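Working notes, beginning with the structure itself.
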Amino acid sequence: MAAHVRRRKPNFIHYSIEILPKVPHLSASSQIKPDSMYVLTNCTIYTGETVLTHHAVIVDDNRIDRVVPTDLIPNNLPVYDLQGHDLTAGFVDIQLYGGQTGFLVRDLSTESLEDMVNTHQQDGTAAIIPTLYSTSRERILKAIEVTKAYIASGKTGVLGLHIEGPFINPEKRGAHSAAQVRIPTETELEEIIEQSQWMLTLMTIAPEVWPPQLLARLQNSHIQLSMGHTNATYQQAKAFFASGISMATHLYNAMRPFESREPGVVSAIWDTPTVHASIIADGHHCDAATIRIAKQLMGDRLFLISDATLAKIKPQRFVFEDFTANYDGHRLLNDDGKLAGSAITLLDAVRFCVQTVGLPKEEVFRMASTHPAQVVGVGEHFGKIKAGYTATFAVLDDLQRLVSFYPPC
1 MAAHVRRRKP NFIHYSIEIL PKVPHLSASS QIKPDSMYVL TNCTIYTGET
51 VLTHHAVIVD DNRIDRVVPT DLIPNNLPVY DLQGHDLTAG FVDIQLYGGQ
101 TGFLVRDLST ESLEDMVNTH QQDGTAAIIP TLYSTSRERI LKAIEVTKAY
151 IASGKTGVLG LHIEGPFINP EKRGAHSAAQ VRIPTETELE EIIEQSQWML
201 TLMTIAPEVW PPQLLARLQN SHIQLSMGHT NATYQQAKAF FASGISMATH
251 LYNAMRPFES REPGVVSAIW DTPTVHASII ADGHHCDAAT IRIAKQLMGD
301 RLFLISDATL AKIKPQRFVF EDFTANYDGH RLLNDDGKLA GSAITLLDAV
351 RFCVQTVGLP KEEVFRMAST HPAQVVGVGE HFGKIKAGYT ATFAVLDDLQ
401 RLVSFYPPC
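Each step along the sequence shown adds one to the number in the numbering used here, with nothing skipped, and position 370 is 370.
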């Protein structure tokens, strides 16, 4: 992935948070010059490996040069005071469908991707993997083309594409269109594999409904697989995990649940040390207790996604083809009353996990940055504050509100 990590001029961007307006913004950071070397200090540094106080981060040309004790800060560098706030690596969101106005499957444009990047950067997300829900072959191929064009243009913030359907189990389709859910033909699968070459590509599938020969072809491709929207039994899920599938999409949601005599997919995920799972911490998809239990059972294998259909929006009705989403200011529901994604950012999920679920702040920051970056193979560039890493930072106050954000290079 190193070949696809591109540089751009550094600058801090400041945002107001409408629902939590009393955020003390940093004023000095806007003075940082492009391609400069400088120091960030007077903060609690959550590196992704440990927590440091009385240390400083030295940035050089948009890369982290080193992290040093404050008494070893070079005298000849500009120093920026972060006023005692928390400093964490920029978040990495591997499942989201839209931004404030852009919606990839509808717009199929680089402008839509840019809106998604900008919207989620406003809440501290450094890198995203835009996601498609179940749609037509033509739209899948066009989305691949658009995403590759965005990355090739040198624009930043997009890591690849997540195809979350349509190759899922109709019994667990959730808000996905019944008319679009299907098994791919051999031709369609080969087109997707061929056209997504060299790009980081995720695909959520229900492997129990796939013909064995097509599943084998997919598993031998570059596409990273995640099990989701699945009605597999515990035994089936364990077999698929043993065959190499190492990820599961939005734990608990749209999968066979845990029961005393049928453990289901959920317990197969808990019970397989090689499998990581995403979870939606918006207060609607999962009860806080279920997140806490999953974290106790899975440790570093659990990470956060936003699952954002749209984000930072006012109540509205959203319609595209046969997909509907009604946002009441809290939840997104389709016309059948099913959850249709979320309207949060990863920062909202972080805040919920710290303040409501009660997880340690250090670990929640890792769930939003370090862990997802590692799962999709970019963990040597994103998700840690460490020498050599991309200089992406979210500066947060004690209530997990964004104070400042340093965009990805």
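C-beta atoms are modelled at their ideal positions from N, C-alpha and C, and glycine is treated no differently.
Just so you know, these numbers come straight off a predicted model, no measurement behind them.
query                                                                                                                                                                   : result
Which word fits residue 400, buried or exposed, when buried means at least 16 other C-beta atoms lie within 10 angstroms of its C-beta?                                 : buried
Please give the ranges of any alpha helix (DSSP H) in the region 277 to 365, keeping only runs that are unbroken, at least 4 residues long and fully inside the region. : 288 to 298, 346 to 352
Mapping the DSSP letters down to three states, classify residue 246 as helix, strand or coil.                                                                           : coil
Could you please give me the residues that DSSP links to residue 393 through a beta bridge?                                                                             : 89, 406
Which term fits residue 120, buried or exposed, when burial requires 16 or more other beta carbons within 10 angstroms of its beta carbon?                              : buried
Comparing alpha-carbon positions, which option in 190, 291, 199 lies nearest residue 359?                                                                               : 291
Put residue 209 into one of helix, strand or coil per three-state DSSP.                                                                                                 : helix
Measure the C-alpha to C-alpha separation of residue 142 and residue 108 and round it to an integer number of angstroms.                                                : 7 Å
Where in the region 222 to 266 do unbroken runs of the alpha helix (DSSP H), each at least 4 residues long, occur, reported from the N-terminal end onward?             : 234 to 242
How far does the beta strand (DSSP E) with residue 63 in it extend, from its first residue to its last?                                                                 : 63 to 69
So does the region 234 to 248 actually touch the region 257 to 267, counting three or more Cβ pairs closer than 8 Å?                                                    : yes
Determine the contact status of residue 132 and residue 163, defining contact as a CB-CB distance below 8 Å.                                                            : yes
Which same chain residues, not among the five before or five after residue 308, have their C-beta less than 7 Å away from its C-beta?                                   : 96, 97, 98, 341, 342, 343, 344, 345
For my contact list, residue 202 and residue 129 are in at a C-beta cut-off of 8 Å; report their separation, rounded to the angstrom.                                   : 6 Å
Cα-Cα, which of 52, 80, 182, 63 is closest to residue 69?                                                                                                               : 52
Taking only the alpha-carbon atoms, compute the straight-line gap between residue 23 and residue 395 and give it to the nearest angstrom.                               : Residue placement at residue 23 is flagged as unreliable, the pLDDT there being 46, under the threshold of 50; a coordinate-derived value is accordingly withheld.
According to DSSP, is residue 107 part of a helix, a strand, or is it coil?                                                                                             : helix
Tell me the DSSP secondary structure of residue 79 in three-state form.                                                                                                 : strand
Would you report the Cα separation of residue 285 and residue 79, rounded to the nearest angstrom?                                                                      : 43 Å
Note down, in chain order, each residue of its chain lying with its Cβ closer than 8 Å to the Cβ of residue 248, except the 5 sequence neighbours on either side.       : 226, 227, 228, 255, 265, 269, 275, 276, 277, 278
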